[in-house]
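Residue numbering for the sequence shown follows my numbering, beginning at 133 and increasing consecutively.
C-beta atoms are modelled at their ideal positions from N, C-alpha and C, and glycine is treated no differently.
Below: one structure, written as structure tokens.
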Amino acid sequence: MLLGAFWLISAPTFQFPVMSQRAAILLTISVALFVRLFANWLLPVGAIYDIESYQIIGDLVLANTDVYTSDRAIFRYPYLPLQMYWSAFALWLSNASGIAFVAIVRVLPVIADVAIVGVLLFATPVLSSFAQRFRTAFIYALNPIPVFVAAYHGQFDALPVVLLLIATLWLYTSPTLSGLALGAGILAKSWPVLGLPVLLVQLHAWRSRILLLVGVLLVPLIGITVYAWLFQADPVRVVQTAMVYNRGIGIWGYSYAFRLGQDITGNKALIHWIIVNGRWFTLGALAVVWWIRARHETPIEGVLTILVCFFACTHAFAIQYLVWPVAFALLANGIRWLRCYTLAVYLYMVVAYSTLILDATIIKMLLQPFGDHLIIILGLPAWVVCVAWLKAHLQQRTVPANAF
133 MLLGAFWLIS APTFQFPVMS QRAAILLTIS VALFVRLFAN WLLPVGAIYD IESYQIIGDL
193 VLANTDVYTS DRAIFRYPYL PLQMYWSAFA LWLSNASGIA FVAIVRVLPV IADVAIVGVL
253 LFATPVLSSF AQRFRTAFIY ALNPIPVFVA AYHGQFDALP VVLLLIATLW LYTSPTLSGL
313 ALGAGILAKS WPVLGLPVLL VQLHAWRSRI LLLVGVLLVP LIGITVYAWL FQADPVRVVQ
373 TAMVYNRGIG IWGYSYAFRL GQDITGNKAL IHWIIVNGRW FTLGALAVVW WIRARHETPI
433 EGVLTILVCF FACTHAFAIQ YLVWPVAFAL LANGIRWLRC YTLAVYLYMV VAYSTLILDA
493 TIIKMLLQPF GDHLIIILGL PAWVVCVAWL KAHLQQRTVP ANAF
């Protein structure tokens, strides 16, 4: 239903009803909140591995145990210390109230995702017309990808998305606030650092660049310092855990060729090579695209180009990442590509979530490794769309971004 509604209202010929700004805001926020909370209620299981991880992390925090050195938390928390406090609160509240943990822990991703809708409604630096902002926010509210990730999966990627979005929109108005928002996004999940080179190059005054960098560094530094003090932890270990995370290889895009080669030949050297060297290819591709295209674009367009490049070239992947470019595509007038992207990602998500991530019953019934390969193969159309999308970005005529 959401996919159909998104496809209908995102069509260029669709006419949105004329209403007052107050009514439009209330309608958009209400619809966004309803579809996410309804999805949360409709399918109360959550992602098998991730919800279990949140419980483990929450239990460790409540027990005043260092998450980054606990044997129970190996590979369970590859982030800087922020999400863990919500997991601990959700577990405490669940134990105190008797409400299922999964229903509580998914509330924060839902709220963060609705906050993206709110930011889009007030994205005046990019969309001066309220009618444009209303249309953009309403399309995001009904896009099925954020609903899958926040309300079904329970992953937190909406939080860094909204913070990166705020950082991008505030860049020219207040580099300090922009840096603080980006720093908070990095503290939530480290991937928003991908937007830093794009934002930094937009600021031509060195004072503005320094203010941006101070904000970006300050928030993670405070978060790590507070955690190290509370749990008597090694701050270096905290940073290393977030920086060396390198999983999800062989399940997306070109990296599948290495996985397929290993399964056919039995030669593990192929997948080992991409595990060891893949990150350098990914970073190199991002650097090249930043140099030839993204640094010349507006902040919103530049961040979108980098995110699309990441999906086209990354060696490591997780399904929740796919929510990253949706809001930026809407603001960058990339609706045509977003429609293609949403269709392809929906195909991948509906299969992956229903057979593996939310309930493993069907995947266990399939002959292995056929079941795992089937899911990966169904993700290839989404990767192909990302490659074509990146190619279209690179072929566009470069328009210099506004100087500050």
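Give the DSSP-derived three-state secondary structure of A337 in the structure shown.
coil
Applying the criterion that 16 or more other CB atoms from any shown protein chain within 10 Å of the CB defines a buried residue, is Y181 buried or exposed?
Y181 should be labelled exposed.
Helix, strand or coil: which one does DSSP assign to I494?
helix
Using a 10 Å radius around the Cβ and a threshold of 16 neighbouring Cβ atoms, would you call D366 buried or exposed?
exposed
When DSSP builds the beta bridges, which residues end up paired with A448?
I381
Pick helix, strand or coil for A365, following the three-state DSSP scheme.
In the three-state scheme derived from DSSP, where H, G and I count as helix and E and B as strand, A365 is classed as coil.
Assuming contact is defined by CB atoms lying nearer than 7 Å, are G327 and L296 in contact in what I supplied?
yes
Take every Cβ of the region 150–165, pair it with every Cβ of the region 266–280, and state whether three or more of those distances are shorter than 8 Å.
yes
What is the DSSP secondary structure of R425, reduced to helix, strand or coil?
coil
Please list, in chain order, all residues of the same chain as A171 whose beta carbon is under 8 Å from its beta carbon, the five residues on each side excluded.
V279, A283, Y284
Can you tell me which of the three DSSP states V177 falls into?
coil
Within the same chain, show all residues whose beta-carbon is closer than 6 Å to that of L439, passing over the 5 residues directly before and after it, in chain order.
W456, P457
Using the rule of at least 16 other Cβ atoms within 10 Å of the residue's Cβ for burial, across every protein chain shown, is L291 buried or exposed?
buried
Measuring straight from C-alpha to C-alpha, what distance separates V358 and L526?
42 Å
Does the pairing of the region 403–418 with the region 504–519 give three or more beta-carbon distances under 8 Å?
no
Would you tell me roughly how many angstroms separate the C-alpha atoms of S322 and V246, rounded to the nearest one?
Their Cα atoms are separated by approximately 21 Å.
Between the beta-carbon of A448 and the beta-carbon of N378, is there less than 7 Å?
yes
Per DSSP, what kind of secondary structure is G410 in: helix, strand or coil?
helix
Using alpha carbons as the reference points, say which of R471, Q452, L158 lies closest to A461.
Comparing Cα positions, the closest option is R471.
To the nearest angstrom, report how far apart I356 and A220 are at their CA atoms.
17 Å
Assumed close pair P307, L274 - CB separation to whole angstroms, cut-off 8 Å
Contact flag wrong, Cβ pair sits at about 34 Å.
Between P431 and V294, which are expected to be in contact by the criterion C-beta below 8 Å, what is the C-beta distance as a whole number of angstroms?
Incorrect: roughly 15 Å between the Cβ atoms, too far for contact.
If you draw a straight line from the C-alpha of L350 to the C-alpha of L312, how long is it?
7 Å
Please report the distance separating the alpha-carbon of L134 from that of V251.
21 Å
Can you tell me which of the three DSSP states T487 falls into?
helix
How should D289 be labelled, buried or exposed, when 16 other C-beta atoms within 10 angstroms of its C-beta is the threshold for buried?
buried
Of all the alpha helix (DSSP H) runs that stay within the bounds of the region 185–253, which reach a length of 4 or more residues?
Taken in chain order, the complete alpha helix (DSSP H) segments of 4 or more residues contained in the region 185–253 are 215–229, 233–237, 239–253.
DSSP-derived helix/strand/coil call for N399
Looking at N399 - three-state DSSP - the assignment turns out to be coil, as it is neither helix nor strand.
Distance, Cα to Cα, A195 vs I188?
11 Å
Where do the ends of the alpha helix (DSSP H) carrying S310 lie?
307–320
From W338 to L303, what does the alpha carbon distance come to, in whole angstroms?
Roughly 14 Å between the two C-alpha positions.
Give the secondary structure of A143 by DSSP, where H, G and I count as helix, E and B as strand, and everything else as coil.
Note: A143 maps to coil in three-state DSSP.
Rounding to the nearest angstrom, what Cα-Cα distance links V249 and Y272 in this structure?
7 Å
Would you report the Cα separation of G380 and S226, rounded to the nearest angstrom?
31 Å
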